[in-house]
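Remember, the numbering used here sits 256 above the position in the first sequence when you count from 1.
Quick reminder that beta carbons are idealized off the backbone N, C-alpha and C, glycines included.
Below is one structure, written out as structure tokens; comments come after it.
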Amino acid sequence: MSQLRIYDTLSRQLIDFEPRDPGRVGIYACGLTPQAPAHLGHMRGAVLMDVVRRWLRHIGYEVDFVQNFTDVDDKIINRSREEGISPAEVAKKYSRLYLNDLAALGIEPARWVYVTENMPVIIEMIEKIVERGKAYEVDGDVYFRVQSTPEYGKLSRRKLSDMQAGARIEVDERKEHPMDFAIWKAAKPGEPSWDSPWGPGRPGWHIECSALSLKEFGADFDIHAGGVDLIFPHHENEIAQSEAYLDKPQFARIWMHWGSVQLAERKMSKSEDVVMGVREALERFPAGAIRLYLLGTGYRSPIEYSDARMEDAQRAFDRLRAALNRAKQMLGDAVEGPADDDLCKRFAEAMNDDFNTAAALATLHDTIGQLNERMAEGLRGQEERAAELVRTAEWFGGILGLPFEEPEAESALVEKLMAAIIEWRQELRIQKQFAVADSIRKDLNAIGVLLEDGPEGTTWRRS
RNA sequence: GGCGCCGUACCCAAGUGGUUAAGGGAAGGGUCUGCAAAACCCUCAUUCGGCGGUUCGAAUCCGCCCGGCGCCUCCA
Numbered sequence: 257m258s259q260l261r262i263y264d265t266l267s268r269q270l271i272d273f274e275p276r277d278p279g280r281v282g283i284y285a286c287g288l289t290p291q292a293p294a295h296l297g298h299m300r301g302a303v304l305m306d307v308v309r310r311w312l313r314h315i316g317y318e319v320d321f322v323q324n325f326t327d328v329d330d331k332i333i334n335r336s337r338e339e340g341i342s343p344a345e346v347a348k349k350y351s352r353l354y355l356n357d358l359a360a361l362g363i364e365p366a367r368w369v370y371v372t373e374n375m376p377v378i379i380e381m382i383e384k385i386v387e388r389g390k391a392y393e394v395d396g397d398v399y400f401r402v403q404s405t406p407e408y409g410k411l412s413r414r415k416l417s418d419m420q421a422g423a424r425i426e427v428d429e430r431k432e433h434p435m436d437f438a439i440w441k442a443a444k445p446g447e448p449s450w451d452s453p454w455g456p457g458r459p460g461w462h463i464e465c466s467a468l469s470l471k472e473f474g475a476d477f478d479i480h481a482g483g484v485d486l487i488f489p490h491h492e493n494e495i496a497q498s499e500a501y502l503d504k505p506q507f508a509r510i511w512m513h514w515g516s517v518q519l520a521e522r523k524m525s526k527s528e529d530v531v532m533g534v535r536e537a538l539e540r541f542p543a544g545a546i547r548l549y550l551l552g553t554g555y556r557s558p559i560e561y562s563d564a565r566m567e568d569a570q571r572a573f574d575r576l577r578a579a580l581n582r583a584k585q586m587l588g589d590a591v592e593g594p595a596d597d598d599l600c601k602r603f604a605e606a607m608n609d610d611f612n613t614a615a616a617l618a619t620l621h622d623t624i625g626q627l628n629e630r631m632a633e634g635l636r637g638q639e640e641r642a643a644e645l646v647r648t649a650e651w652f653g654g655i656l657g658l659p660f661e662e663p664e665a666e667s668a669l670v671e672k673l674m675a676a677i678i679e680w681r682q683e684l685r686i687q688k689q690f691a692v693a694d695s696i697r698k699d700l701n702a703i704g705v706l707l708e709d710g711p712e713g714t715t716w717r718r719s
């Protein structure tokens, strides 16, 4: 099988993936600050990393996937004032909401870490950085000294001098350099705080991911991931801090960044009103359609949201699912056995090529196409091949996390009612009372039940 | 102003030096069917924003131009 290659933002090239510890992969993905409902942009990264984990595991690695909740931060404090609940309650409320969203999309749980539960390692890291002369204290704040690191800017490929020109932010005169950033912030009255050598305060944004990833994995861990919008300043600063702390340039081996999800040509972010919330998306479309939509484009490209695109994805997903379920009905239980070698190889080539899920999906579609072909011929001695295709497609679906199983079992009452209606309507059809039969089908369709009259009788499913 | 990305059919999209340019959705025709739906078959880019260049050969490399976008400030 081909070698897995992953695009690394720092070196701007595809890297032959080789974990630090043979057989084991450590991945740290920046989570989020739980202070508002999540939107599809968050789900893009979550779905991608879910597929990455499944694939890595498939090719033989043990995967440890860590993600953080930045559960104390300015935005949470602001939110707590708006909602009249404590910052801790804000964090708990929105992180729970987020975990529900992930579950609804079939995303495997990460190993979650929380900033507020890890103050000692964060403070210890800051102390060490100050000790090394790479950070300084001013009135209870601690700032990272960007000029102490000649390589500052290497991830985002920008120079301090260039950034000064564009910086139109209010410059804090107490800082040595305008780009110096806070790694510890002194608490103002009423704000949540933790004791530290610089007085009560909380960690600055960026330091938590450095501290937590190094705590969980140690230096030179395998993959650090996040959205493109985190490249600067978040990941740039993480690198600067971590390397200052470690005193060597080996923080993470590969930096993976996924593209943004845009709506109406604008990036979705929580500071804009134009967001497609996960809840709204899930109310309107099945999880499988959302995953198909998100995985249909290379993860590094920006992707635009539109209802039309989601509808396309839903039609495509329904076709895949309907074909598989029909095949399983026709084949009964006789589907055990291996998958198709050639198709699997094609799928693997795609996945090993920097997780090319779009190409992998094309293989899935071809697999289903071949299966439909056999079914259109009424199977006729091709049961073995059909079963092989079913296994192959289900295997691909497993890697991509596509929920092909029927949505939910119907209650016995519904099953009996439908059977009765279908039988009654069948009587009408035999008596050639087509107008009445059609009107029944039409009425059922209006309430979301689709009747399909086939050669072997009438079947029904939710539409 | 700085850094970076993108422009492939009606829409989405893979492909980054060499067989007929994946796949999905839509559309049109056909098969099946009482009809509808589903499924199957066929059609749907001699061409990859434009113009030059490199090469035996380019959608793929280089240059210029046109158009769109992201980041540089909170962001996944």
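- Comparing alpha-carbon positions, the option among Leu-296, Asp-699, Phe-321, Pro-542 lying closest to Asp-306 turns out to be Phe-321.
- For Arg-509, there is no enclosing alpha helix (DSSP H); the residue is part of the beta strand (DSSP E) that begins and ends at 508-514.
- Looking from the CA of Ala-481, the closest CA among Leu-355, Arg-556, Leu-656 belongs to Arg-556.
- The three-state reading of DSSP puts Pro-459 in strand, counting E and B together.
- Residues Leu-296, Val-517, Gln-518, Leu-519, Met-524, Met-532 of the same chain have their beta carbon placed closer than 8 Å to that of Tyr-561, with the five preceding and five following residues left out of the count.
- Here DSSP, grouped into helix, strand and coil, assigns Thr-265 to coil.
- Judged by beta-carbon spacing, Gly-279 lies within the 8 Å limit of Glu-318, meaning their Cβ atoms are closer than that value.
- Taking the CA atoms as reference points, Gly-657 sits about 29 Å from His-490.
- Boundaries of the beta strand (DSSP E) harbouring Tyr-392: 391-394, taken from the DSSP string.
- Arg-697 counts as buried, since no fewer than 16 other beta carbons sit within 10 angstroms of its beta carbon.
- Around the beta carbon of Trp-680, a 10 Å sphere encloses fewer than 16 other beta carbons of the protein chains shown; the residue is thus reported as exposed.
- Looking at the backbone, the Cα of Phe-660 and that of Gln-626 are separated by about 17 Å.
- Per DSSP, reduced to three states, the secondary structure at Lys-441 is strand.
- Looking at the DSSP output, Phe-273 bridges to nothing.
- DSSP lists Val-394 as the bridge partner or partners of Asp-397.
- Look at Asp-478 here: in three-state DSSP terms it is strand.
- Among the bridge pairs identified by DSSP, Tyr-284 is matched with Val-322, His-480.
- Arg-641 and Glu-633 have their C-alpha atoms some 13 Å from each other.
- About 6 Å separates the beta carbon of Leu-635 from that of Met-586, a gap short enough to meet the 8 Å contact definition.
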